[in-house]
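This report concerns only the one structure given below.
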Amino acid sequence: MKAVCVLVGENVKGTIHFTQDDGDGPVTVTGEIENLSEGLQGFHIHEFGDKTNGCISAGA
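Residue numbers for the sequence shown, in full-length UniProt numbering: 1 to 60.
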C-alpha cells in the first residue's frame with residue numbers, strides 16, 4: 001500500500017511517501033521538506049484525512 005502527502009505552504013514545501021508492504025507490517029516514511037526554520041521540528045499523523053470536525057474527525 002502506498003500514500004503520498006504533498007506539503008504546500010507560503011515558504012515550506014515538500015513531499016512525504018508512506019509505504020506498507022504487508023497489511024500488518026510497519027509503515028516506512030520517507031520524503032523531503034524544504035525551507036523549514038532552523039532547529040528541531042516535529043510532526044504527527046492522523047488516521048483519517050477528514051477535517052470536517054477539526055482534529056476530532058481526523059482520528060487518533
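For each residue, glycine too, the CB sits at the ideal point set by N, CA and C. Note that the coordinates shown come from a computational prediction; the quantities given were computed from them, not determined experimentally.
- Shown here, residue 56 sits in a helix according to DSSP, grouped into three states.
- A check of alpha carbon separations from residue 17 across 6, 58, 10 and 50 identifies 6 as the nearest.
- By alpha-carbon distance to residue 30, the top candidate from 38, 37, 20 and 39 is 20.
- Within the UniProt domain "Superoxide dismutase copper/zinc binding" (12-59), complete alpha helix (DSSP H) segments of at least 4 residues are found at 55-58, given in chain order.
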